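In my numbering, the protein residues as written are 520 to 912. Heads up, the beta-carbon is just placed ideally off N, CA and C, and yes, glycines get one too. If you're wondering where the values come from, they're calculated on a predicted model, not measured in any experiment. Everything below concerns the one structure shown next.
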């Protein structure tokens, strides 16, 4: 992606109705409940943004050369997208809760830090087990699914007494779906195939809630205020430009210097995933070496020893690429190609590292500047919005 002649703007996408985003789980005949994905994955959202650019700039889908140059395809991204993140009626942004946050005995939340003494494991490296709640199931001690930007900023510079309001953001509504008989559909008859009724949980945001995103785009292209279809069932949403620049960066940089000072003092840091991540090194964000019973990542002159990682099972990222013959008035499907399935580390995952060796203050500051509110590079996924991270203590 050519960084020259690029502009950066914030946008809000507000739904008029419920939304549904299909997951990658196959739906078999005889099943009655279809599971979706929420919030939408960056791989889904980037297709919506590219389509909006196509429509707003009067680019013909038939002109493949111009289309490829302006909006790219699934393998090339001539733009960079940050988001989507939930946004409320006051403009507050929300993220999936970090997985190292638990409610303590004083009812306030804390960040579970690894113990000083390692636990020997069969993983090839020592683990430093975190300080987890000892009573009841862990799920009962976790916050709700989303925390605000303000709470995230507070959390990343504190280990205890973290204030979280636990605000409900989105609800679900079960809807009945049908499956058409495609053989009869060829003859022009829209008939439901026997047994192809199912139920799906649609997502409904609160009034005036939507999605925040930031798009870095060539300055000869525009994204206009207006409506467009979004999601698996093509429900209408409204796209609105908020401002030039990057609101998320403006807020996160407010305590970045404090963050640097604390990390220099403690020589520990966290990498927090704001979006799912598809790394070049599997489940780890950086190149690493297994040596002396340690898993050490070498990044920009720093030696980062992995102490622990908070994460759930990987999620599957895939989908379909559709190529349409738009020259015919009835727009027939020409080709359908299944995208390769990739394992992704879930959003909210947290890596805890210790800085070993003789790291200077300037090296630590440079690392934070390079990775805080940035994407860990792995094109085209990082350009779509995957691999978005912030740094914490």
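Cutoff 7 Å; reference residue i; Cβ partners in own chain excluding five residues on either side
{"i": "residue 848", "result": "Unreliable positioning characterises residue 848 in this predicted model, as indicated by a pLDDT of 43, which lies under 50. The coordinate reading is nonetheless provided below. Taken in chain order, the list of residues that qualify is empty."}
{"i": "residue 907", "result": "601, 793, 794, 894"}
{"i": "residue 953", "result": "Nothing in the structure corresponds to residue 953, since the chain is present only between 520 and 912."}
{"i": "residue 900", "result": "797, 906"}
{"i": "residue 800", "result": "806, 807"}
{"i": "residue 629", "result": "621, 623, 678, 679, 681"}
{"i": "residue 770", "result": "668, 672"}
{"i": "residue 571", "result": "742, 747, 758"}
{"i": "residue 555", "result": "539, 540, 541, 542, 719, 720"}
Backbone CA spacing between residue i and residue j [nearest angstrom]
{"i": "residue 528", "j": "residue 868", "result": "27 Å"}
{"i": "residue 740", "j": "residue 596", "result": "14 Å"}
{"i": "residue 616", "j": "residue 707", "result": "48 Å"}
{"i": "residue 806", "j": "residue 695", "result": "47 Å"}
{"i": "residue 693", "j": "residue 754", "result": "16 Å"}
{"i": "residue 631", "j": "residue 811", "result": "25 Å"}
{"i": "residue 637", "j": "residue 648", "result": "7 Å"}
{"i": "residue 884", "j": "residue 827", "result": "22 Å"}
{"i": "residue 845", "j": "residue 757", "result": "Only weak support is given to the placement of residue 845: the predicted model assigns it a pLDDT of 44, under 50, and the value that follows is read from those uncertain coordinates. Residue 845 and residue 757: Cα-Cα distance of roughly 25 Å."}
{"i": "residue 642", "j": "residue 726", "result": "48 Å"}
{"i": "residue 681", "j": "residue 702", "result": "58 Å"}
{"i": "residue 778", "j": "residue 785", "result": "11 Å"}
{"i": "residue 676", "j": "residue 816", "result": "23 Å"}
{"i": "residue 776", "j": "residue 892", "result": "14 Å"}
{"i": "residue 652", "j": "residue 912", "result": "20 Å"}
{"i": "residue 747", "j": "residue 582", "result": "21 Å"}
{"i": "residue 888", "j": "residue 783", "result": "13 Å"}
{"i": "residue 768", "j": "residue 809", "result": "35 Å"}
{"i": "residue 661", "j": "residue 882", "result": "34 Å"}
{"i": "residue 663", "j": "residue 588", "result": "42 Å"}
{"i": "residue 789", "j": "residue 532", "result": "31 Å"}
{"i": "residue 825", "j": "residue 644", "result": "9 Å"}
{"i": "residue 935", "j": "residue 711", "result": "A query on residue 935 cannot be resolved here, the shown segment of the chain reaching from 520 to 912 and no further."}
{"i": "residue 831", "j": "residue 705", "result": "44 Å"}
Proximity to residue i [Cα-Cα], best of the options
{"i": "residue 658", "options": "634, 697, 618", "result": "618"}
{"i": "residue 488", "options": "637, 671, 756", "result": "Residue 488 cannot be examined here, being either before or after the span of the chain that is shown, 520 to 912."}
{"i": "residue 736", "options": "800, 755, 590, 809", "result": "590"}
{"i": "residue 535", "options": "881, 593, 766, 728", "result": "728"}
{"i": "residue 592", "options": "608, 573, 770, 882", "result": "573"}
{"i": "residue 875", "options": "650, 865, 814", "result": "814"}
{"i": "residue 525", "options": "738, 800, 623", "result": "738"}
{"i": "residue 560", "options": "537, 603, 873", "result": "603"}
{"i": "residue 635", "options": "819, 804, 787, 886", "result": "787"}
{"i": "residue 607", "options": "821, 686, 890", "result": "686"}
{"i": "residue 599", "options": "557, 651, 562", "result": "562"}
{"i": "residue 834", "options": "760, 823, 557", "result": "557"}
{"i": "residue 666", "options": "611, 646, 645, 644", "result": "611"}
{"i": "residue 752", "options": "533, 880, 541", "result": "541"}
{"i": "residue 823", "options": "832, 873, 791", "result": "873"}
{"i": "residue 890", "options": "830, 804, 880", "result": "804"}
Collapsed DSSP secondary structure at residue i in the structure displayed
{"i": "residue 774", "result": "helix"}
{"i": "residue 532", "result": "strand"}
{"i": "residue 745", "result": "strand"}
{"i": "residue 721", "result": "strand"}
{"i": "residue 760", "result": "strand"}
{"i": "residue 595", "result": "coil"}
{"i": "residue 787", "result": "strand"}
6 Å CB neighbourhood of residue i in its chain, flanking five on each side removed
{"i": "residue 763", "result": "528"}
{"i": "residue 689", "result": "722, 724"}
Short Cβ contact (9 Å threshold) for residue i with residue j
{"i": "residue 730", "j": "residue 605", "result": "yes"}
{"i": "residue 568", "j": "residue 578", "result": "no"}
{"i": "residue 871", "j": "residue 796", "result": "no"}
{"i": "residue 679", "j": "residue 627", "result": "yes"}
{"i": "residue 613", "j": "residue 742", "result": "no"}
{"i": "residue 903", "j": "residue 639", "result": "no"}
{"i": "residue 553", "j": "residue 774", "result": "no"}
{"i": "residue 897", "j": "residue 802", "result": "no"}
{"i": "residue 866", "j": "residue 821", "result": "no"}
{"i": "residue 780", "j": "residue 886", "result": "no"}
Cβ shell of residue i (< 8 Å), same chain only, five flanking positions each side left out
{"i": "residue 745", "result": "575, 757, 758"}
{"i": "residue 765", "result": "527, 529, 601, 733"}
{"i": "residue 537", "result": "692, 694, 721, 722, 723, 754"}
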